[in-house]
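Here's the structure, in C-alpha cells; my notes come after.
There are 2 protein chains.
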Amino acid sequence: MSNGKRQAMSAANWIRAGYDAFHDGGVDAIAVERVAKRLSATKGSFYWHFKDRESLVRAVLELWRAETEEIIDQLAAITEPRERLLRLFELVTSQIPTDRSEIDLLARGDQPAVAAVLEDVSRRRITFMSAAFREAGLRPVDADDAAVQAYALWIGLLQLQVNLPGTVPAGKDRDRFLRSTRELLGQLIPAP
Amino acid sequence: MSNGKRQAMSAANWIRAGYDAFHDGGVDAIAVERVAKRLSATKGSFYWHFKDRESLVRAVLELWRAETEEIIDQLAAITEPRERLLRLFELVTSQIPTDRSEIDLLARGDQPAVAAVLEDVSRRRITFMSAAFREAGLRPVDADDAAVQAYALWIGLLQLQVNLPGTVPAGKDRDRFLRSTRELLGQLIPAP
DNA sequence: ACCTGAACACCGTTCAAGT
DNA sequence: ACCTGAACACCGTTCAAGT
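Chains as they are written, first to last, in this note's numbering: chain A, 1147 to 1338; chain B, 1147 to 1338.
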C-alpha cells in the first residue's frame, strides 16, 4: 500500500494533464503527443505508464463519471417521486444553455473508450428516471418508455444547443422555452 | 458550356468516390489518401481538382442535402396541417430504428464543412414544422418552441439508437414505444 | 492542363538503447 | 524501473518537376 514516490505520481500526472486537455479541447485533445508536450515528456515515457492512448482516455473519463454520480445522489434524496422528476427536469433544462462536454462525448461515442463510460452513465440516468416514473404510478414498460423519451429530449436539446446555435431560444425567450419544455416532460408523469 | 471531357469528369470522379466512402465509413472516411487509393490516383492529383479536403466533404454532402429535400417536398403536399405533422412524426419515428448517417453528421458537426450543410437542413426541417404548427393554430413563438422540441426528441432518439443500443426498444416492444412517442409528439399539436 | 513524387508537419505505436 | 530517440505507418498539404 505504501509507495515509492516517483512511479505512482507519474501515471497520475499523465491523467491529470489529460483531464485538463479534455476540458480545453474535448476528447480529441487527449492526444499522446500533445499531452507529452504539455508535460515536457516524451511519447516513449507515456508508453511506459500506459498500454495505449485508449487507456488514458478511459482513465480521464473515469473522473468525469464520478462527477455525474454526485448529481444523481443529490436527487435520490427527494422521496416524493413526482417532485424528484420535476426537480430533475428543472435541473437538466437549466443546464441546456451551457453544457458542451456532454455533447463532445456523444460525438466521440464511436471510440470504445468513450462508448464504455457513456453507456454506463446513460443507463444509470435512464434507470434512475424509470424507477421514479414507476414509483409515480406507471407500469414498468411505460416507465421505461417515458425515461427513454425524457432522456432523448434532453440530449437532443443539448445537441441542438451546440450544433445549431440559435434554434434553442436564448435571452428573453429562454424562460418561456424552458418552461414549455418542462411542461412537455411533465406530460410523461401520471396524475397523482 | 460544352466541355473537354477529361477535366469535368475527373472532379466528378473524386466526388463520387467520396460519396461511396461516406456511405461506407462516415465523414471520416472522406479522407484524401484513402479516396486516392480507391481511385488508384495520387494525392497530388486530388489537389489539382480541389483546394483541400474540406471542399470534397462539402461537395459530397451536397448530394446528401438533395436527398433530404425530397422528403420535405412529399410532405408539403398534405394540405391539412395536423395530418401533415402526424404523417411526419410517423415517418421519422419509423426511421429511428435504422438511420446512422444522420448521427454521424451530428457527431462531426465541429467540422465547418459538415456544420454548414447540417445547419441548413436542420433549419429547413424546423421551419417546416413550425409553419405546420402555426397553421394548426399555435401562436408563432409557441409554434417555434414546439418545432424545436419535436426535432430535439427526434434526433435525441436517433442518438440513443446509435450510441446506446438497447435503450430504444426493438422487436416486439418497438411498436408500443413508437406509438407512445408519437403520442408525446402529438401533445404538441393543439386540439382542432 | 493534369499528374507524379517527394517533402513536411502532425498523429499513434514500437523498441533498442541508455540511466 | 523509467525514459530517450529514432523508426514506422498513417493523415493533410505543398510544390518542383515532369508529360
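Note that the Cβ used here is the ideal one computed from N, Cα and C, for glycine as well.
Is it buried or exposed, residue i, if we count other Cβ atoms within 10 angstroms and call 16 or more buried?
i, result
"Y1193 of chain A", "exposed"
"R1254 of chain B", "buried"
"R1325 of chain B", "exposed"
"R1271 of chain A", "buried"
"S1191 of chain B", "exposed"
"R1230 of chain A", "buried"
"L1234 of chain B", "buried"
"S1268 of chain A", "buried"
"G1302 of chain A", "buried"
"G1164 of chain B", "buried"
"L1237 of chain B", "exposed"
"Q1305 of chain A", "buried"
"G1150 of chain A", "For G1150 of chain A, the predicted model reports a pLDDT of 36, less than 50, meaning its position is unreliable; a value from the coordinates is still stated below. Label assigned to G1150 of chain A: exposed."
"A1223 of chain B", "exposed"
"T1327 of chain A", "buried"
"T1239 of chain B", "buried"
"D1321 of chain A", "exposed"
"S1247 of chain A", "exposed"
"D1319 of chain B", "exposed"
"Q1295 of chain B", "buried"
"L1331 of chain A", "buried"
"A1292 of chain B", "buried"
"A1316 of chain B", "exposed"
"R1285 of chain A", "exposed"
"Q1220 of chain B", "exposed"
"Q1333 of chain A", "exposed"
"D1198 of chain B", "exposed"
"A1289 of chain A", "buried"
"W1300 of chain A", "buried"
"Q1153 of chain B", "For Q1153 of chain B, the predicted structure reports a pLDDT of 48, less than 50, and the residue's modelled location is therefore unreliable. The matter cannot be settled from this model."
Assuming residue i contacts residue j (C-beta within less than 8 Å), just tell me the rounded distance between them.
i, j, result
"A1298 of chain B", "I1335 of chain B", "A1298 of chain B to I1335 of chain B, Cβ: 16 Å. No contact."
"R1180 of chain A", "D1266 of chain A", "Actually they are not in contact, since the Cβ atoms of R1180 of chain A and D1266 of chain A sit about 27 Å apart, beyond 8 Å."
"A1167 of chain A", "A1175 of chain A", "4 Å"
"E1200 of chain B", "P1258 of chain B", "7 Å"
"D1173 of chain B", "L1252 of chain B", "Here the sequence assigns Val to residue 1173 of chain B, which means Asp is not the residue at that position. Not really, about 10 Å apart at Cβ, beyond 8 Å."
"V1260 of chain A", "V1203 of chain A", "7 Å"
"K1189 of chain B", "V1178 of chain B", "5 Å"
"P1338 of chain B", "R1228 of chain B", "7 Å"
"L1264 of chain B", "N1309 of chain A", "6 Å"
"I1218 of chain A", "F1274 of chain A", "6 Å"
Which runs of the alpha helix (DSSP H) fall wholly inside the region 1205–1248 of chain B and span at least 4 residues, in chain order? 1227–1241
What are the residues in the region 1279–1292 of chain B lying within 9 Å of chain A by C-beta distance? V1287, D1288, D1290, D1291 and A1292
What ranges does the alpha helix (DSSP H) occupy inside the region 1257–1320 of chain B, keeping only unbroken runs of at least 4 residues that lie completely in it? 1258–1281 and 1286–1309
Could you please tell me which residues of the region 1303–1326 of chain B, in chain order, have their CB closer than 8 Å to any CB of chain A? L1303, Q1305, L1306, V1308, N1309, L1310, T1313, V1314, P1315, D1319, R1322, F1323 and S1326
Report the start-end ranges of each alpha helix (DSSP H) in the region 1175–1202 of chain A that is 4 residues or longer and not cut off at the edges. 1178–1184 and 1189–1195
Check distances from the C-beta atoms of the region 1166–1179 of chain B to those of chain A and list, in chain order, the residues that come in under 7 Å. none
When you check each C-beta in the region 1250–1284 of chain B against every C-beta of chain A, which residues fall closer than 8 Å? L1252, A1253, R1254, G1255, D1256, A1261, L1264, E1265, S1268, R1269 and I1272
Got a sec: which bits of the region 1221–1249 of chain A sit with their beta carbon under 7 Å from any beta carbon on chain B, in order along the chain? none
Residues in the region 1198–1210 of chain A having any Cβ partner in chain B nearer than 7 Å: none
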